[in-house]
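Residue numbers (the numbering used here), protein chains in the order written: chain B, 8 to 364; chain D, 210 to 596.
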């Protein structure tokens, strides 16, 4: 390695040292820079400069143009966002999505990180969302689940997966680390077998197979069965994360609590869980990110969530050529949610510096 | 009675019996209920259906399958397809991931930035969306008549047509073995202690071994040719379709591309993490010993990083293998799709789900065992290596 030279004052030599220290590095920098610029130019040119934005011209205007055909979005965005939800009531669907976004943002604020507050935010949020979507109260028209679709359905599945899955995961984690051998073994078996299966097959089983196994009055709507399946999958992974967090809590803590005669529930809820959740926070956020991306799998069991409605938006007749634009639009929506969540996770990880003692 | 309940041991035993009993009751109750429902629908339970013929055809299969074949054969076909797609997807993803990971740890800032853009882009879009996109992309390629022509490789909406060797398979296998040996033997020669000549002076020997084995591979390959036919079957346009060569179906290529790009982003991060885990002191020690940057990379950083990333990599591989089930969304005949169709057609729901679970457990457990073995074999012995 070269000896470090004292920092030169002016900016140009600094730049030279950063990007062109040796001929090889210079060539590498230039090549990557060229790739970057071409890529950026191509995308800007395609997406903005030679794209068609208005819906008036229809498909014909798009075919003449070189770039992207955003008119398909202008034409079909309501299908993509709201699916089959009745046209006049779509503001409710949009409002419900905003409620979910607000709920997620609130849960990211440290002020809400106590068991009671986070539970309150989620219960109120889910109830609001459900009321808005389903109606039947406060003079809102009743709209059944079969008409739900698009972004609202995606968010609903995600939110209710977490809503059921998160408490379940804590229960599973506690059962798995129980001192009673049979309880921990059976729970371990359940967790491991759920984890070894692909999510699709679990969704499929809950949609198609479970109706055979349950008596009629217990079956419920397919949507809720699939949500239970996805929550179970989420809980199996999250339980291992929580358990990992619990292992990070020093043994002395629990022993001290026992020595003071503190009972099991108190010990778990006031001493073990707060510290374990703190250890597990980065991995938990990562799990939320993964589970948000995986909501899109419900398309397999026939739900009209955002990806399926996107397929429908370009799949019919005149717009079939515009698949890139539709997928780009949906990808952008996913990207906004997932990227901001994962950035937030990275920020937390840095802030808390878990693992650095 | 109550005095008994106050005893810790008795209470624990009762709790456990209650817990296990509840779970068992749920499972058995569900099973019995399912039996009843199925009987009402006149579906014969049991595994006898495996020997009935299916009456459907897969659109992609490595092994020959006709509608007359029994169900069990289709399960095998599906599993082989899944494994094949999994292996190809894993190899491609590893390649992409290594490239991206090396870009992300390079000392060049622009290259690092490029790697970061790649990871952020591909990791934050659901895999299924990418699969759909690539499937739409490959099926929107021009028709066979106007196929893109890259030498003897042809790309059309019906799939990618590639030339394949047209030799007897025993000879093909032998020649592949020779090629593998041409890579392995020189490496072995470089490290073995069976030769008296010191490792630095074995260069000529290694080059000779490599070239000799490659030449042998070519000879074996040529010897296996069928009389009167060319050594390669090349796709040609005949009428409205392409004939000859090997067809890679759009479903397969879409899945393989998506898995490679998406998995590559994740593996890239794992590679970066592995290299970051190598202690600074190790590298400084190597530098102060005067090793060249390449030797530091290949003899210090890479071996240590590999050990750090292997356990995480194993999890990622298992995840990717499970992700092949996405094939059902675009109609690739994988293991899960065979199960789903079986349920649809024969109604033997519970049995089929059981086979599905068994199949994935088998694959995951064997992959896990393989990685555990590798992990143990290369684990650092002793505790002298602290950064």
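Every residue, glycine too, gets a C-beta built ideally from N, C-alpha and C.
These numbers were taken from a predicted model, which means no experiment stands behind them.
For residue i, which residues from the same chain have a beta carbon less than 7 Å from its beta carbon, with the 5 sequence-adjacent residues on both sides left out?
| i | result |
| --- | --- |
| residue 214/B | 229, 232, 233 and 308 |
| residue 115/B | 351 |
Quick one: what's residue i bridged to in DSSP?
| i | result |
| --- | --- |
| residue 370/D | 363/D and 456/D |
| residue 450/D | 447/D |
| residue 357/D | 364/D |
| residue 387/B | As displayed, chain B neither begins before 8 nor continues past 364, which places residue 387/B out of reach and without an answer. |
| residue 211/B | According to DSSP, which records beta bridges pairwise, residue 211/B is partnered with nothing at all. |
| residue 441/D | 374/D |
| residue 59/B | 76/B |
| residue 262/D | 279/D |
Let's see if you can read the secondary structure: which residues bound the beta strand (DSSP E) around residue i?
| i | result |
| --- | --- |
| residue 447/D | 445–447 |
Once the 5 residues before and after residue i are set aside, which same chain residues still bring their CB inside 6 Å of it?
| i | result |
| --- | --- |
| residue 310/D | 477, 480 and 481 |
| residue 191/B | 183 and 185 |
| residue 364/B | Residue confidence is low: residue 364/B scores 43 on pLDDT, short of 50, so the model does not pin down where it sits. No coordinate-derived value is stated. |
| residue 76/B | 59, 69, 329 and 332 |
| residue 344/D | 463 and 539 |
| residue 370/D | 363, 444, 451, 454 and 456 |
| residue 226/B | 218 |
Output the boundary residues of the alpha helix (DSSP H) element that contains residue i.
| i | result |
| --- | --- |
| residue 92/B | Looking at the DSSP string, residue 92/B is not in any alpha helix (DSSP H), and its letter there is neither H nor E. |
| residue 524/D | 511–532 |
| residue 286/B | 280–301 |
| residue 221/D | 217–249 |
| residue 228/B | Looking at the DSSP string, residue 228/B is not in any alpha helix (DSSP H), and its letter there is neither H nor E. |
| residue 115/B | No alpha helix (DSSP H) contains residue 115/B, which DSSP labels as neither H nor E. |
| residue 337/B | 330–359 |
| residue 20/B | 18–26 |
| residue 349/D | It is not in any alpha helix (DSSP H) - residue 349/D carries neither H nor E in the DSSP assignment. |
| residue 222/B | First-last for residue 222/B: undefined, no H or E at that position. |
| residue 137/B | 122–141 |
Could you give the DSSP three-state label for residue i: helix, strand or coil?
| i | result |
| --- | --- |
| residue 279/D | strand |
| residue 556/D | coil |
| residue 149/B | coil |
| residue 76/B | strand |
| residue 315/D | coil |
| residue 39/B | helix |
| residue 9/B | Residue placement at residue 9/B cannot be trusted, given a pLDDT of 48 that sits under 50; the coordinates are not used to answer. |
| residue 185/B | coil |
| residue 540/D | coil |
| residue 462/D | helix |
| residue 434/D | strand |
With a threshold of 8 Å between beta-carbons, can residue i be considered close to chain D, or not?
| i | result |
| --- | --- |
| residue 222/B | yes |
| residue 205/B | yes |
| residue 70/B | no |
| residue 314/B | yes |
| residue 282/B | no |
| residue 249/B | no |
| residue 358/B | no |
| residue 319/B | no |
| residue 84/B | no |
| residue 346/B | yes |
| residue 183/B | no |
| residue 91/B | no |
Mind checking if residue i is an interface residue toward chain B, Cβ cutoff 8 Å exclusive?
| i | result |
| --- | --- |
| residue 485/D | no |
| residue 329/D | yes |
| residue 275/D | no |
| residue 501/D | no |
| residue 334/D | yes |
| residue 558/D | yes |
| residue 468/D | no |
| residue 573/D | yes |
| residue 508/D | no |
| residue 349/D | yes |
| residue 447/D | no |
| residue 239/D | yes |
| residue 342/D | yes |
| residue 225/D | yes |
Once you ignore the five residues that flank residue i on each side, which residues in its own chain have a CB closer than 8 Å to its CB?
| i | result |
| --- | --- |
| residue 430/D | 374, 376, 380, 381, 384 and 440 |
| residue 209/B | 201, 236, 237, 239 and 240 |
| residue 526/D | 299, 576 and 580 |
| residue 15/B | In this predicted model, residue 15/B has a pLDDT of only 49, less than 50, meaning its place in the structure is not dependable; the value taken from the coordinates is given anyway. Closer than 8 Å at the Cβ level, and outside the excluded window around residue 15/B, lie 21 and 24. |
| residue 322/B | none |
| residue 119/B | 113, 125 and 128 |
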